[in-house]
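Worksheet: one structure, shown below.
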Amino acid sequence: MKESSILLDKHLAQTTMFPFALEIEKADGIYIIDKNKKKYIDLISGVGVSNIGHGNKTIIEAIKNQVDRYLHVMVYGEFIQQSQINAAKLLTSFLPKELDCCYFVNSGTEANEAALKLAKRITGRTKMIACIGSYHGNTHGSMSVSSNEAKKSAFRPLLPDVYFMRFNVMEDLSMIDEKTACVIIETIQGDAGIRIPSKDYLKALRSRCTDVGAILILDEIQAGMGRTGKMFAFEHFDITPDILTLGKALGGGMPVGCMVTSTRNMSLLTHDPMLGHISTFAGHPVICAAVAACLELYRYNTILEKAETKGKLFAEKLSKHPRIKEIRRIGLFFAIDLANANEVQAVVENCLQNGLISFWFLSCPSSFRIAPPLTISEIEIDNACRIILQALDRLGR
Numbered sequence: 014m015k016e017s018s019i020l021l022d023k024h025l026a027q028t029t030m031f032p033f034a035l036e037i038e039k040a041d042g043i044y045i046i047d048k049n050k051k052k053y054i055d056l057i058s059g060v061g062v063s064n065i066g067h068g069n070k071t072i073i074e075a076i077k078n079q080v081d082r083y084l085h086v087m088v089y090g091e092f093i094q095q096s097q098i099n100a101a102k103l104l105t106s107f108l109p110k111e112l113d114c115c116y117f118v119n120s121g122t123e124a125n126e127a128a129l130k131l132a133k134r135i136t137g138r139t140k141m142i143a144c145i146g147s148y149h150g151n152t153h154g155s156m157s158v159s160s161n162e163a164k165k166s167a168f169r170p171l172l173p174d175v176y177f178m179r180f181n182v183m184e185d186l187s188m189i190d191e192k193t194a195c196v197i198i199e200t201i202q203g204d205a206g207i208r209i210p211s212k213d214y215l216k217a218l219r220s221r222c223t224d225v226g227a228i229l230i231l232d233e234i235q236a237g238m239g240r241t242g243k244m245f246a247f248e249h250f251d252i253t254p255d256i257l258t259l260g261k262a263l264g265g266g267m268p269v270g271c272m273v274t275s276t277r278n279m280s281l282l283t284h285d286p287m288l289g290h291i292s293t294f295a296g297h298p299v300i301c302a303a304v305a306a307c308l309e310l311y312r313y314n315t316i317l318e319k320a321e322t323k324g325k326l327f328a329e330k331l332s333k334h335p336r337i338k339e340i341r342r343i344g345l346f347f348a349i350d351l352a353n354a355n356e357v358q359a360v361v362e363n364c365l366q367n368g369l370i371s372f373w374f375l376s377c378p379s380s381f382r383i384a385p386p387l388t389i390s391e392i393e394i395d396n397a398c399r400i401i402l403q404a405l406d407r408l409g410r
């Protein structure tokens, strides 16, 4: 994007010199509306957050009902709060029996921080293995197990005893040994440009971790909550992690993360030391009310079943364009490869001018991102693809 001369606000921090700088008036369904009433098709769901669309009435009603009862009343874990119980019961009802205990936190990266700590506590080990191309968040621990050195170098030193193996490469699994506390891996790599592993690889990873006593952490902060056409991406691969981390779409538009594991594992955070992990606002009652409402929508809706069909429709409409080098996709989770980063920038900018929000990947600059709300209709897919194809056509001019 071109450098913006307009600050978001002089009292608000900026994270880039190139913000989209849309002034937002409203968001509804798959659309974001600016202050001039221009509608934009949101094809990135707020970067993986609004999987069930913007402004869902069921979630808004649940939030309002909880707000009328009470807001924050106590640090996490001291009081019994029904919205937390409801959210945990619903979430674990979608999961294997081994994953029966939830720790709700404030964001995906916090869930990963908690998971890394718990893995050390379970094993008494310190060695952590992540994957080249990984992205797990921007706090110190999560950044330590993320791969993009350009984003990390200014903040070193980070956590010690972290090693990186190649994603979906069998021979690198030998790096996992009896000194390994955990392997943290995205089930589907997101920021690397939607990299999908083989079933054999993930099964071998699961077996290797079991054999050496290492904890397998699957980060599904982006890939979970129906994005791949199943509630959780690991369901495609017939494995179960020791720890699952979630965030983004879990709250239906509200900020949340969650670490899910067994009750036995989670109990280790209660002693030696007591309060082994704690957060003031973790499990906030209003957020958990939104989580529960969001999960109920998945239980009684057909959006999961339709995600793969809609993904295929996108791919069919876009794949024949000569500017597209490759499409990597699972469900409604896309990376579309062009020749270079300049072409990606031009397409994203042209789409924005014509009422469509797409995005790029930090660690895969020659691809642009599509991850629309799962509620998108076939007519809306047609309209979105028309704008993208026009943007691709303009590259030849």
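Counting in this note's numbering, the sequence shown runs from 14 upward without gaps. The beta-carbon is built from N, C-alpha and C at its ideal position, and this holds for glycine as well.
- For residue 98, the enclosing alpha helix (DSSP H) begins and ends at 95 to 106.
- Under the DSSP assignment, residue 406 falls outside any beta strand (DSSP E), being part of the alpha helix (DSSP H) whose first and last residues are 391 to 407.
- Using a 10 angstroms sphere on the CB of residue 284, the tally of other CB atoms stays under 16, which defines it as exposed.
- Within the model, the alpha-carbon separation for residue 221 versus residue 272 is close to 22 angstroms.
- About 37 angstroms separates the Cβ atoms of residue 281 and residue 382, ruling out a contact at the 8 angstroms cut-off.
- Within the stretch 33 to 75, complete alpha helix (DSSP H) segments of at least 4 residues are found at 58 to 61, given in chain order.
- No Cβ-Cβ contact shorter than 7 angstroms links residue 65 with residue 53.
- Under the three-state reduction of DSSP output, residue 241 falls in the coil class, being neither helix nor strand.
- Assignment of residue 168 by DSSP, reduced to helix, strand and coil, places it in the helix class.
- With a cutoff of 7 angstroms on beta-carbon distance, residue 250 and residue 233 are scored as not near each other.
- For the options 71, 360 and 327, the alpha carbon positioned closest to that of residue 346 is the one of 327.
- By the beta-carbon neighbour count (other beta carbons within 10 angstroms, threshold 16), residue 97 is buried.
- Under DSSP, the beta-bridge partners assigned to residue 142 are 176 and 196.
- Here the alpha carbon of residue 50 sits roughly 41 angstroms from the alpha carbon of residue 88.
- Note: residue 118 is bridge-paired with 270 in the DSSP secondary-structure output.
- If the five residues before and after residue 323 are omitted, its C-beta is found closer than 7 angstroms to the C-beta atoms of 345, 389 and 394, all from its own chain and listed in chain order.
- The beta carbon of residue 294 sits closer than 7 angstroms to the beta carbons of 85 and 119 from its chain, once the five residues preceding and following it are set aside; these are given in chain order.
- Going by DSSP, residue 327 is part of the alpha helix (DSSP H) stretching over 316 to 331.
- Nearest neighbour of residue 99 by Cα position, chosen from 409, 306 and 403, turns out to be 306.
- Of 397, 276, 24 and 72, the smallest CA-CA separation from residue 308 is found for 72.
- Apart from the 5 residues on each side of it in sequence, residue 357 sits with its Cβ closer than 8 angstroms to the Cβ of 351, 373, 378, 379, 380 and 381 in its chain, given in chain order.
- Every beta strand (DSSP E) stretch that sits fully inside the stretch 364 to 393 and reaches 3 residues is listed by chain position as 380 to 383.
- Closest in C-alpha terms to residue 253, from the list 238, 75, 229 and 276, comes 229.
- The three-state secondary structure of residue 346, taken from DSSP, is strand.
- Counting of Cβ neighbours within 10 angstroms places residue 193 among the buried residues, the total reaching 16 or more.
- When DSSP states are grouped into helix, strand and coil, residue 202 belongs to the strand group.
- In this structure, residue 264 places its C-beta atom within 7 angstroms of the C-beta atom of residue 304.
- DSSP, read as helix, strand or coil, puts residue 219 in helix.
- About 26 angstroms separates the CB atoms of residue 386 and residue 147; that is not less than 8 angstroms, and the two are not in contact.
- Residue 125 places its beta carbon 7 angstroms or farther from that of residue 90.
- Per DSSP, reduced to three states, the secondary structure at residue 213 is helical.
- Residue state for residue 232 is assigned as strand, using DSSP reduced to three classes.
- Annotated as proximal: residue 258 and residue 128, with beta-carbon spacing under 7 angstroms.
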